[in-house]
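Asks: Structure incoming, see below.
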Amino acid sequence: MTKAKTAPKAAPKAAAKTAVKAAKAAPAVKSVDASGDELVFTRPEAMVDRATHYCPGCHHGIAHRLVAELLDEMELTDKTIAASSIGCSVFLYNYIKADTVESPHGRAPAVATGIKRARPDKFVFTYQGDGDLASIGMAEIMHAANRGERITVVFVNNTVYGMTGGQMAPTTLIGQRTTTCPGGRCKDREGAPIRMAEIIAQLGGVAFCARGSLDSVKNIRQAKKYMRKAFEAQTTGQGFGFIELLAGCPTNWRMTPVAANKRITDEMIPYFPLGVYKDLEADGTCGSMIAPGAAGGEAGGK
Amino acid sequence: MSRITVSEERCKGCLLCTLVCPVTIIRQSERINQHGYKVAEVPADDMAKCTGCASCATICPDVAIEVWRGKKAKKAA
Amino acid sequence: MADKKERLFVKGNEAIAMGALAAGCKCFFGYPITPQNDIPEFMSKAMVEAGGEFVQAESEVAAANMLLGAGACGIRAMTSSSSPGMSLKQEAISYMAGSEVPAVIVNMNRGGPGLGDIGPSQGDYFQSTRGGGHGDYRLLVLAPSSAQEAYDMTFDAFDLAFASRNPVLILGDAIIGQMKEPITPREPKKVDPNEGADWRLIGAPVKGKGKRAHRVIKSLFLMDGELAGQNMKLQAKYDAWKKMVDFETFQVKDAELVVVAFGSIGRIAKNAVRSLRAKGKKVGLFRPKTLYPFPEKQLEKLAKEGKRFLTIEHNLGQMVEDVRLSVRKYGDSDLFCVYPGNMPSPDDFEAPILKALGRK
Ligand SMILES: Cc1ncc(C[n+]2csc(CCOP(=O)(O)OP(=O)(O)O)c2C)c(N)n1
Ligand code: SF4
Ligand code: SF4
Ligand code: SF4
Ligand SMILES: [Mg+2]
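Protein chains in written order, with our numbering: chain A, 143 to 444; chain B, 613 to 689; chain C, 8 to 367.
Spelled out as structure tokens, the structure:
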């Protein structure tokens, strides 16, 4: 599994020390049995060993695991403070071993702003659904991104309000039937589905923004690479990190998990294209931004 | 020898793992766990075919699969 | 610092900001609204100079949620606003109360309902003392009547918030905020770096020394009996606050009629009482400084002594309900309202006080 990249730029000695610690941090991955076979995949340390309350085939479980794997690999767990949101993932803290504040619906980016400003040395992330982030929380996500808060946002887009029973979300696809657009979403009446990754990438404070998908092994592996970059946008102090994950909600799509995954492939990905929408590091423009707080001294003319 | 273990307590029978196995050895068993899900399994005879690629574990939403990779099987993931 | 007492001549709003600074406030989250703009303006500079953080949030909703985040980390943090903005903050305040996050919140009350005006009002008394948002909860509510009190109460509010793990509200108004008066600042507080160490979120060491389970600050309680337990715990906390009641009395000892008024109105009423005393009228003043907990026992005692009451407030009659509940065994309270939109003056109060005094 991916490793190595986690060591921050530092003196070689320090880096070597980090590597040793990393090996200790994930002993399970290093497990070898009597016959010399190696345990190459197991539950990440940062993930609580318990059954989730999610429906069969729900992708929140995969998204949680990716977050936990990165917390392990980047050795972030003990300095992480999460802002959970309101949606099916409200119990994030039952599954991820990070100190967590439960935020009101849509406000996790504001709560995370407060956390990060209070404790700038901590790793701070939010985990939000599409109803939470792209509807009620639109102002908070836009402004946290625009301010360049050094936080990471994990955005799980399943095109419905899962927790409340499958109502229309701002991301619901045209024609998709939900309990509040039973005839299918109509562009004239309800507008077009919002593409958040594209919007967030436009904002000044964003260092990394990408959209991945959880429908296939290849896409999950790619999504994890994006998520790592979204974490690194924060850990390297570049700016705001954003990762959108296309996810299935078989229950409210009234589909089997297998059919739900196919729907992501066939219908969601064409409308929500995967890829990197902004990468300051790759653009070579990082470092031009002013850290929040550092700029605060200039109160400006009144 | 590469192999997987499926936690029958955690498996929710979503069958996503069955779709991604390159050697198609995972299937739904007839066993129903305490939550009422028909759990996934690899028949004992087929386990030897496992490449240890971890695709099944990667797509499993419930972290129900552990993957062991045999000494000679070298890289895959 | 010997007795070289420094005196400053400042607006009430500035006094609040200075009190917060001296109390070790490290984060301020604001949004412009009259008549409290001096507070965020002052803080935008002062917070940064003090090595803290100032954020002009995108809304009062966001500001209150930032406060939730900072408070959950055990950092002394504050927000300020005025009535319409306070309505927007209520959801987050309810979460803070429910998940027991300390914070200081300032409301410089203006006229309502709706957009109302930018003048003084006490129309947010109910909102302040009954919780304000959804669910059963209370805030500690302090009502200053001068710049000095605004300074002192804000200074103390942070200690109270952390001691009780609860939001504390300072309820002022446009009069308190805009009036310039001398104040004596206090010695800046040395905040214990371990404040809140047993509950605050700073990252969970999952192994090694200091290992602990991760902490969750939450207000969702779905297990059987869990929410009832949390509500009982909160109620016990609010009950324990009762010993913290604070109030001012003026000339009540031999008074036949006690005027009950808080904040700026309490101060104006005091002038009216003083002038009536000069005319030989047996009137006094009772000014609650804590609106929640409300000094009900103290008022009840006065009622038992046979005194009568007149509540004067800058709204349509809100605190009067608490006064009536306090004295109900022995008497009642008359009410004189200054309607929000009108400016109160001591001259206006004399006639209603005399009327209440004359009534048997
Ligand atoms: C202020 C407020 N409004 C509405 C709700 C009800 N509510 C709970 S979850 C939810 C929608 C969650 O949908 P989404 O963010 O897409 O998450 P999902 O469950 O799909 O993962 C809503 C509307 C609430 N808790 N608070
Ligand atoms: S309702 Fe949808 S989002 Fe919620 S747990 Fe079930 S599948 Fe997942
Ligand atoms: S590890 Fe790969 S080969 Fe083995 S069962 Fe899983 S998917 Fe199939
Ligand atoms: S993917 Fe996981 S939960 Fe789904 S059937 Fe396979 S083992 Fe069971
Ligand atoms: Mg959703």
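Note that beta-carbon positions come from the ideal geometry of N, C-alpha and C, so glycine has one too.
Can you tell me whether Tyr419/A is buried or exposed? The criterion is at least 16 other CB atoms within 10 Å of its CB, across all chains shown.
Replies: By 1-based counting over the first sequence, the position of residue 419/A is 277. That one is buried.
Asks: Compile a chain-ordered list of the residues in the region 99-121 of chain C whose CB is closer than 7 angstroms to at least one CB of chain A.
Replies: Ala99, Tyr102, Ser106
Asks: Does the beta-carbon of Cys200/A, which I'm using as the reference point, lie nearer than 8 angstroms to any heavy atom of ligand 5?
Replies: Against the first sequence, residue 200/A aligns to sequence position 58. Cys200/A: no, Cβ never under 8 angstroms from ligand 5.
Asks: Using 8 angstroms as the cut-off, classify the Cβ of Val209/A as near or not near the heavy atoms of ligand 2, replying yes or no.
Replies: Here residue 209/A refers to the residue found at position 67 of the first sequence. No, ligand 2 has no heavy atom inside 8 angstroms of this Cβ.
Asks: Any chance the CB of Met305/A is under 8 angstroms from a heavy atom of ligand 2?
Replies: Along the first sequence, one-based indexing puts residue 305/A at 163. Checking the Cβ of Met305/A against ligand 2 gives yes.
Asks: Under DSSP, the alpha helix (DSSP H) around Glu215/A begins and ends at which residues?
Replies: The residue given as residue 215/A occupies position 73 in the first sequence. Where Glu215/A is concerned, the enclosing alpha helix (DSSP H) starts and stops at 202-215.
Asks: Please report the residue range of the alpha helix (DSSP H) in which Asp241/A lies.
Replies: Residue numbering aside, residue 241/A sits at position 99 when the first sequence is read from its first letter. Note, Asp241/A: premise wrong, no alpha helix (DSSP H); beta strand (DSSP E) at 241-244.
Asks: Have a look at Met310/A, Ala343/A, Glu340/A and flag the residue whose alpha-carbon is nearest the alpha-carbon of Glu332/A.
Replies: Indexing the first sequence from 1 puts residue 332/A at position 190. Taking only the C-alpha atoms, the option nearest Glu332/A is Met310/A.
Asks: Less than 8 angstroms separating the Cβ of Leu275/A from some heavy atom of ligand 1?
Replies: In the first sequence, the residue the question calls residue 275/A occupies position 133. Yes, since a heavy atom of ligand 1 falls inside the 8 angstroms radius drawn around the Cβ of Leu275/A.
Asks: List, from N- to C-terminal side, the alpha helix (DSSP H) runs of 4 residues or more that fit wholly inside the region 334-414 of chain A.
Replies: Counting only runs that start and end inside the region 334-414 of chain A, the alpha helix (DSSP H) elements of at least 4 residues fall at 338-343, 359-377, 392-395, 399-405.
Asks: Can you list the residues of chain B that Leu181/A reaches, using a CB-CB cut of under 7 angstroms?
Replies: For the purposes of this step, residue 181/A is identified with residue 39 of the first sequence, where counting begins at 1. Per Cβ cutoff of 7 angstroms: Glu678, Trp680.
Asks: Please report the distance separating the alpha-carbon of Asp339/C from that of Val265/C.
Replies: Mapped onto the third sequence, residue 339/C falls at position 332. Mapped onto the third sequence, residue 265/C falls at position 258. Their Cα atoms are separated by approximately 11 angstroms.
Asks: Tell me Tyr303/A's beta-bridge partners as DSSP assigns them.
Replies: Taking the first sequence and counting its residues from 1, the one referred to as residue 303/A is at position 161. Bridge partners of Tyr303/A: Gln309/A.
Asks: Please classify Asn20/C: is it buried, with 16 or more other beta-carbons within 10 angstroms of its beta-carbon, or exposed?
Replies: Start at 1 with the first residue of the third sequence, and residue 20/C comes out as number 13. Flag for Asn20/C reads buried.
Asks: At a CB-CB cut-off below 8 angstroms, which residues of chain B make contact with Val400/A?
Replies: The residue you call residue 400/A lines up with position 258 of the first sequence. By Cβ distance, chain B contributes Cys626, Leu627, Leu628, Leu631.
Asks: Among Ala210/A, Lys371/A, His206/A, Arg185/A, whose alpha-carbon lies nearest the alpha-carbon of Asp220/A?
Replies: Locating residue 220/A in the first sequence gives position 78, where the first residue counts as 1. With distances taken between Cα atoms, Asp220/A lies closest to Ala210/A.
Asks: Regarding Cys197/A and ligand 1, is the C-beta to nearest heavy atom distance less than 8 angstroms?
Replies: Here the question's residue 197/A lines up with position 55 in the first sequence. The answer is no for Cys197/A.
Asks: Among Gly313/C, Lys214/C, Ile224/C, Leu361/C, which one has its Cα closest to the Cα of Arg284/C?
Replies: Taking the first residue of the third sequence as 1, we reach residue 284/C at position 277. Closest by alpha carbon: Leu361/C.
Asks: Is there a Cβ from chain C that is less than 9 angstroms from the Cβ of Tyr196/A?
Replies: Along the first sequence, one-based indexing puts residue 196/A at 54. False, the Cβ-Cβ gap to chain C never drops below 9 angstroms.
Asks: Return helix, strand or coil for Trp206/C, following the three-state DSSP convention.
Replies: For the purposes of this step, residue 206/C is taken as residue 199 along the third sequence, with counting starting at 1. Here Trp206/C sits in coil by DSSP.
Asks: Applying a beta-carbon distance threshold of less than 7 angstroms, which residues of chain B neighbour Val348/A?
Replies: As a working note, residue 348/A is residue 206 in the first sequence. For Val348/A, there are no C-beta contacts with chain B under 7 angstroms, since the nearest C-beta of that chain is about 28 angstroms from it.
Asks: Please list the partners that Gly664/B has in chain A, where partner means a Cβ-to-Cβ separation under 9 angstroms.
Replies: Numbered from its first residue, the second sequence carries residue 664/B at position 52. Going along chain A in sequence order, the residues near Gly664/B (Cβ under 9 angstroms) are Asp179, Glu180, Val182, Phe183.
Asks: Comparing the CB of Cys391/A with every heavy atom of ligand 1, is any distance shorter than 8 angstroms?
Replies: Locating residue 391/A in the first sequence gives position 249, where the first residue counts as 1. Checking every heavy atom of ligand 1 against the Cβ of Cys391/A, one is found closer than 8 angstroms.
Asks: Should Gly38/C and Glu60/C be called a contact, given that it needs their Cβ atoms to be closer than 9 angstroms?
Replies: As a position in the third sequence, residue 38/C is number 31, starting the count at 1. As a position in the third sequence, residue 60/C is number 53, starting the count at 1. Note on identity: in this sequence residue 38/C is Tyr, with Gly being the wrong assignment. Result no, Cβ atoms of Tyr38/C and Glu60/C do not sit closer than 9 angstroms.
Asks: Looking at chain A, is there any beta carbon in it that lies within less than 9 angstroms of the beta carbon of Glu642/B?
Replies: The residue given as residue 642/B occupies position 30 in the second sequence. Cβ-Cβ to chain A under 9 angstroms: no for Glu642/B.
Asks: Return no unless some Cβ of chain C is closer than 9 angstroms to the Cβ of Ala165/A.
Replies: For this step, residue 165/A is matched to residue 23 along the first sequence. Because Ala165/A sits at a pLDDT of 40, beneath the cut-off of 50, its placement in the model cannot be relied upon, and the point is left open.
Asks: Identify which residue in Tyr337/C, Asn322/C, Val334/C has its Cα closest to the Cα of Met350/C.
Replies: Here residue 350/C corresponds to residue number 343 of the third sequence, with the count starting at 1. Looking at the Cα atoms, Asn322/C is the closest of the given residues.
Asks: How is Phe293/C classed by DSSP in three states: helix, strand or coil?
Replies: The residue labelled residue 293/C in the question sits at position 286 within the third sequence. Strand, per DSSP.
Asks: With 9 angstroms as the threshold, decide whether the Cβ of His206/A is near any Cβ in chain C.
Replies: Taking the first sequence and counting its residues from 1, the one referred to as residue 206/A is at position 64. Not an interface residue.
Asks: Taking C-alpha atoms, which residue in Arg335/C, Asn278/C, Ala77/C lies nearest to Phe356/C?
Replies: On the third sequence, position 349 is the one that residue 356/C refers to. The candidate whose alpha carbon is nearest that of Phe356/C is Asn278/C.
Asks: Quick one: is the Cβ of Gly682/B within less than 8 angstroms of any heavy atom of ligand 3?
Replies: For the purposes of this step, residue 682/B is identified with residue 70 of the second sequence, where counting begins at 1. Because no heavy atom of ligand 3 lies under 8 angstroms away, the Cβ of Gly682/B does not count as near it: no.
Asks: Measure how close the beta-carbons of Val651/B and Gly625/B come, nearest whole angstrom, since I'm counting them as under 8 angstroms.
Replies: The residue given as residue 651/B occupies position 39 in the second sequence. The residue given as residue 625/B occupies position 13 in the second sequence. Their Cβ separation, rounded to whole angstroms, is 6 angstroms, which keeps Val651/B and Gly625/B in contact under 8 angstroms.
Asks: For the beta strand (DSSP E) that Ala652/B lies in, which residues bound it at each end?
Replies: Along the second sequence, read from residue 1 onward, the residue named residue 652/B stands at position 40. Ala652/B -> beta strand (DSSP E) spans 650-653.
Asks: Is Val302/A close to ligand 5? I mean its beta-carbon at under 8 angstroms from any heavy atom of the ligand.
Replies: Start at 1 with the first residue of the first sequence, and residue 302/A comes out as number 160. Yes, the Cβ of Val302/A comes within 8 angstroms of a heavy atom of ligand 5.
Asks: Please report how far the alpha carbon of Cys391/A lies from the alpha carbon of Val632/B, in whole angstroms.
Replies: Along the first sequence, one-based indexing puts residue 391/A at 249. Along the second sequence, one-based indexing puts residue 632/B at 20. Those two C-alpha atoms are separated by around 19 angstroms.
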